[in-house]
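S.K.: First the structure, which I've put down as structure tokens, then a few questions once you've had a look.
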Amino acid sequence: MQKTIEQIEAVLAQKIPQFAKTLNPPATESDFEALETLVGNKLPEEFKIFYKWHNGQNRSPYVAFHVETHEILMPIADIIEWYDELSGQLDTGDIEQHRWRRIWVPFSDNGSGDSTCIDISEENFGQIVIQDGWDDEVKVIFNSLTDWLEDLLVKIKEFDYSNWDYLDRL
Numbered sequence: 001m002q003k004t005i006e007q008i009e010a011v012l013a014q015k016i017p018q019f020a021k022t023l024n025p026p027a028t029e030s031d032f033e034a035l036e037t038l039v040g041n042k043l044p045e046e047f048k049i050f051y052k053w054h055n056g057q058n059r060s061p062y063v064a065f066h067v068e069t070h071e072i073l074m075p076i077a078d079i080i081e082w083y084d085e086l087s088g089q090l091d092t093g094d095i096e097q098h099r100w101r102r103i104w105v106p107f108s109d110n111g112s113g114d115s116t117c118i119d120i121s122e123e124n125f126g127q128i129v130i131q132d133g134w135d136d137e138v139k140v141i142f143n144s145l146t147d148w149l150e151d152l153l154v155k156i157k158e159f160d161y162s163n164w165d166y167l168d169r170l
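Numbering (UniProt numbering), first residue to last: 1 to 170.
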């Protein structure tokens, strides 16, 4: 996984060097502890390795990390806030149980209520799912965060950043 992260960083540095300024410093152990306390479970080691690279991105300016889903990488503070928000909506019935589950930890979102999550359940620990506020179907998209990152690496290698919608924001 570390090699994939390094390759992503190298490709981004080569294709769009100004992107690096949107990334936050690495997450700390206290960041992980706060999130684990909230979700009531340990986070996958892959997640920690990834977030020790960068603790998400700045939201301003909004510049997508994922070229296909147009999602940004959420800082742990935002993950905590969004997880708490979704949990509250679940408790009040404002969101249906099949659309979001407390076993999903969002780490990437598109700003419109949809997010990519890592599953922390015993049965599917580390699996990557899409939380779509409008779709009733749960979509398991990757078996691991490593698989998600490897897929992202392929996409950013192929992507033509010269026509990228977010270029003028950097």
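No residue lacks a Cβ here, since even glycine has one placed at the ideal position from N, Cα and C. The structure presented is a predicted model; accordingly, all values stated were derived computationally and were not measured.
Name the two residues that bound the continuous alpha helix (DSSP H) containing Trp53.
M.R.: Here the question's residue 53 lines up with position 53 in the sequence shown. Where Trp53 is concerned, the enclosing alpha helix (DSSP H) stretches over 45-53.
S.K.: For Gly40 and Val140, what's the separation of their Cα atoms in angstroms?
M.R.: Here residue 40 refers to the residue found at position 40 when the sequence shown is read from its first residue. Here residue 140 refers to the residue found at position 140 when the sequence shown is read from its first residue. Whole-angstrom Cα-Cα distance: 22 Å.
S.K.: How is Val67 classed by DSSP in three states: helix, strand or coil?
M.R.: Counted from its first residue, the sequence shown places residue 67 at position 67. In this structure, Val67 counts as coil in the three-state DSSP scheme.
S.K.: Could you tell me whether the Cβ atoms of Asp31 and Asn55 are closer together than 8 Å?
M.R.: Counting from 1 along the sequence shown, the entry for residue 31 is found at position 31. Counting from 1 along the sequence shown, the entry for residue 55 is found at position 55. Taking 8 Å as the Cβ cut-off, Asp31 and Asn55 qualify as a contacting pair.
S.K.: Tell me the residue span of the beta strand (DSSP E) that contains Ile118.
M.R.: The count along the sequence shown starts at 1 and reaches residue 118 at position 118. Start and end: 115-119.
S.K.: Give the single residue among His66, Phe50, Leu38, Asn24 whose Cα lies nearest to the Cα of Lys158.
M.R.: Looking up residue 158 in the sequence shown gives position 158. Just to set this straight, residue 158 is Glu in the shown sequence, not Lys. That would be His66, whose Cα lies nearest to the Cα of Glu158.
S.K.: So what's Trp164 in DSSP terms, helix, strand or just coil?
M.R.: On the sequence shown, residue 164 is found 164 positions in, with the first residue counted as 1. Trp164 falls in the coil class under three-state DSSP.
S.K.: Could you have a look at Trp100 and say whether DSSP puts it in helix, strand or coil?
M.R.: By one-based count along the sequence shown, residue 100 stands at place 100. It is coil, neither helix nor strand.
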